[in-house]
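Chemist: Below is one structure. I have some questions about it.
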Amino acid sequence: MKTVDEHLADILAATHRLAPLDLALLEAVHGVLAEPVTAPVNLPPFDNSAMDGYAVLASDVAGASETSPVTLSVVGDIAAGDQEAYGIRAGLCARIMTGAPVPAGCDAIVPVEWTDGGTAKVAIRRPAVAGHYIRRSGEDVTEGQVVLEPGTRLGAAQIGMLAAVGRARVAVRPRPRVVVLSTGSELVEPGSSVGPGQIWDANGFALTAAATEAGGVGFRQGVIGDDPRQVLAAIEEQLGFADLVITSGGVSMGARDVVKEVLSGLGTMKFEQVAMRPGKPQGFGLLDDHTPIFTLPGNPVSAFVSFQVFVRPALRALQGLPPDPLPTVTARLTTPVSSPSGLRHFLRGALVYRHGAYEVSPAEGQGSHQIFSLSSSNCLMVVGDDVTSLDAGAPVDVMMLP
Ligand code: AMP
Ligand code: MG
Numbered sequence: 029m030k031t032v033d034e035h036l037a038d039i040l041a042a043t044h045r046l047a048p049l050d051l052a053l054l055e056a057v058h059g060v061l062a063e064p065v066t067a068p069v070n071l072p073p074f075d076n077s078a079m080d081g082y083a084v085l086a087s088d089v090a091g092a093s094e095t096s097p098v099t100l101s102v103v104g105d106i107a108a109g110d111q112e113a114y115g116i117r118a119g120l121c122a123r124i125m126t127g128a129p130v131p132a133g134c135d136a137i138v139p140v141e142w143t144d145g146g147t148a149k150v151a152i153r154r155p156a157v158a159g160h161y162i163r164r165s166g167e168d169v170t171e172g173q174v175v176l177e178p179g180t181r182l183g184a185a186q187i188g189m190l191a192a193v194g195r196a197r198v199a200v201r202p203r204p205r206v207v208v209l210s211t212g213s214e215l216v217e218p219g220s221s222v223g224p225g226q227i228w229d230a231n232g233f234a235l236t237a238a239a240t241e242a243g244g245v246g247f248r249q250g251v252i253g254d255d256p257r258q259v260l261a262a263i264e265e266q267l268g269f270a271d272l273v274i275t276s277g278g279v280s281m282g283a284r285d286v287v288k289e290v291l292s293g294l295g296t297m298k299f300e301q302v303a304m305r306p307g308k309p310q311g312f313g314l315l316d317d318h319t320p321i322f323t324l325p326g327n328p329v330s331a332f333v334s335f336q337v338f339v340r341p342a343l344r345a346l347q348g349l350p351p352d353p354l355p356t357v358t359a360r361l362t363t364p365v366s367s368p369s370g371l372r373h374f375l376r377g378a379l380v381y382r383h384g385a386y387e388v389s390p391a392e393g394q395g396s397h398q399i400f401s402l403s404s405s406n407c408l409m410v411v412g413d414d415v416t417s418l419d420a421g422a423p424v425d426v427m428m429l430p
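Those letters in the sequence shown? Residues 29 to 430, by the numbering used here.
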């Protein structure tokens, strides 16, 4: 049997990052930047006011106080967006709005709250030191500075940064398109009624959602019965469109394990046993040189754990991101656990942060068909391949579920 680490290493060796696309900013959301982005100008581009108030000479208002305000003549109004170049000198000031360019001569802004708000003359009741409430050109970003490095995932703040330096389009690796196919003649669509021997397709939905959670765009295909021709046709049909394909079901040792049957020997597909629980039967390969295909086991928890352990890092690699595992912390076990020798054991559990430390309790019901204990857990405890038991209080690695 292969170890989890060996299987993941094989997957990552075969997974190459997607070519970047030139996208408009709002199409690039959640994509991964594929170029360094530099600022063409300073930000702010010009000295401007941080407040609504009055642009003054600090020396004019140095003696201002509540009891003896300084009165200045107001030469005009400067609004954000104004291009007219005012100048002020001793005894004068200009009313100024937040974001408006600071006029020549001015070295301080007095906020309107410190004044009587006058329009022809204004009484100022507090002094302001030089530089007060002036946002200097370049104090955020300087011209030529790299503001975003390649490999950055573009969330809202990064999209805002790109727009702030004037970019309308950027080179990004887009979110990978992940096609999810559920196989099994027992499966029916949620929303329709189940007959004898039938169950609703859970994996198709869980894996599609997981793909989206992991930074891809999930596309769920309808269920496919255990029919070799249909299974092969459905997978081949997706190869032109998908960046990654996931199937579930049909890869274990049964007489009708049709995914394994039709894909064995095609492309680089390999069907192997991986030393893990749940999720031992795994298939992976490429049919067309570039589209990774994961054939996951059918039990819902096996499929889900396999996704988090193998597919998620591959999805990251497709985007040129480091293939990190789920965020992992060390927690103290609240109850003892036992674990099979020679298998990496992923147990569902409840992780809580209490008195400055993480504690984890295994869920009831660790069968690979028991999806309720998965949906009511928030983490996977990872018990090492050679560990057969852990006492209460022992430290254990815990992967936090998204
Ligand atoms: P298989 O890997 O096809 O042998 O399936 C293993 C178990 O998982 C069987 O009990 C299947 O009915 C169940 N199963 C397979 N696919 C799904 C699915 N999409 N949703 C829920 N259960 C499934
Ligand atoms: Mg099946």
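Ideal Cβ placement from N, Cα and C applies to all residues, glycine included.
Hey, quick one: how far does the beta strand (DSSP E) through ILE137 stretch, first residue to last?
Modeler: It spans 136-139 - the beta strand (DSSP E) in which ILE137 sits, taken as one unbroken run.
Chemist: Looking only at its own chain, which residues have a Cβ that is under 6 Å from the Cβ of LEU408, when we skip the five neighbours before and after it?
Modeler: Same-chain partners within the cutoff: PHE374 and MET427.
Chemist: For the ligand MG, any of its heavy atoms closer than 7 Å to the Cβ of THR66?
Modeler: No, the ligand MG has no heavy atom inside 7 Å of this Cβ.
Chemist: Is VAL157 buried or exposed, if buried means 16 or more other CB atoms sit within 10 Å of its CB?
Modeler: Exposed: under 16 other Cβ atoms inside 10 Å.
Chemist: With distances taken between CB atoms, is the gap from VAL169 to VAL65 smaller than 8 Å?
Modeler: Not closer than 8 Å, so no.
Chemist: Please give the ranges of any beta strand (DSSP E) in the region 105-135, keeping only runs that are unbroken, at least 3 residues long and fully inside the region.
Modeler: Counting whole runs of 3 or more residues, the region 105-135 contains the beta strand (DSSP E) stretches 120-124.
Chemist: Could you give the first and the last residue of the continuous beta strand (DSSP E) run that contains GLY232?
Modeler: Counting along the chain, GLY232 falls outside any beta strand (DSSP E), though it belongs to the alpha helix (DSSP H) covering 231-241.
Chemist: If you compare alpha carbons, which of GLY172, HIS318, GLY282 and ALA303 is closest to MET297?
Modeler: Nearest option by C-alpha distance: HIS318.
Chemist: Below 8 Å CB to CB, which residues in the same chain sit around THR180 once its five sequence neighbours on both sides are set aside?
Modeler: Excluding residues within five positions, the ones whose Cβ falls inside 8 Å are VAL60, LEU61 and GLN186.
Chemist: Determine the direct distance from the alpha carbon of PRO430 to that of VAL193, and round the result to whole angstroms.
Modeler: One C-alpha to the other measures close to 32 Å.
Chemist: Are VAL388 and THR416 closer than 8 Å when you measure CB to CB?
Modeler: No, the pair does not count as a contact, with Cβ atoms beyond the cut-off.
Chemist: Spatial neighbours of PRO218 within its chain, please: CB distance less than 6 Å, with the 5 preceding and 5 following residues excluded, ordered by chain position.
Modeler: So the list reads TRP228, once near-sequence residues are dropped.
Chemist: Considering only C-alpha positions, which residue in the set GLY295, GLY326, PHE299 and LEU315 is nearest to PRO306?
Modeler: The option with the nearest alpha carbon to PRO306 is GLY326.
Chemist: Can we count GLU214 as close to the ligand AMP, meaning its CB is less than 7 Å from some heavy atom?
Modeler: At least one heavy atom of the ligand AMP is nearer than 7 Å to the Cβ of GLU214, so yes.
Chemist: Check whether the region 94-104 touches the region 134-152, taking contact to mean three or more Cβ pairs, one atom from each stretch, closer than 8 Å.
Modeler: Short answer: they touch.
Chemist: Answer yes or no: the CB of ASP229 versus the heavy atoms of the ligand AMP, is any distance below 7 Å?
Modeler: Yes, Cβ of ASP229 sits closer than 7 Å to a heavy atom of the ligand AMP.
Chemist: Cα-Cα, which of ALA385, VAL273, VAL89 and ILE124 is closest to ASP75?
Modeler: It is ILE124.
Chemist: Check whether the Cβ atoms of VAL207 and GLN249 lie closer than 8 Å to each other.
Modeler: Against a cut-off of 8 Å, the Cβ pair of GLN249 and VAL207 comes out as a contact.
Chemist: Quick one: is ASP271 buried, meaning 16 or more other Cβ sit within 10 Å of its Cβ, or exposed?
Modeler: Its Cβ being crowded by 16 or more others within 10 Å, ASP271 is buried.
Chemist: Less than 8 Å between the C-beta atoms of ALA56 and ALA83, yes or no?
Modeler: For ALA56 and ALA83, no; Cβs fall outside 8 Å.
Chemist: Starting from the C-beta of SER330, find all residues in its chain whose C-beta is less than 6 Å away, skip the five residues before and the five after it, and write them out in chain order.
Modeler: PRO306, GLY307 and SER396.
Chemist: Could you have a look at GLY91 and say whether DSSP puts it in helix, strand or coil?
Modeler: Three-state result, GLY91: coil.
Chemist: Helix, strand or coil: which one does DSSP assign to GLN347?
Modeler: DSSP places GLN347 in coil when its eight states are reduced to three.
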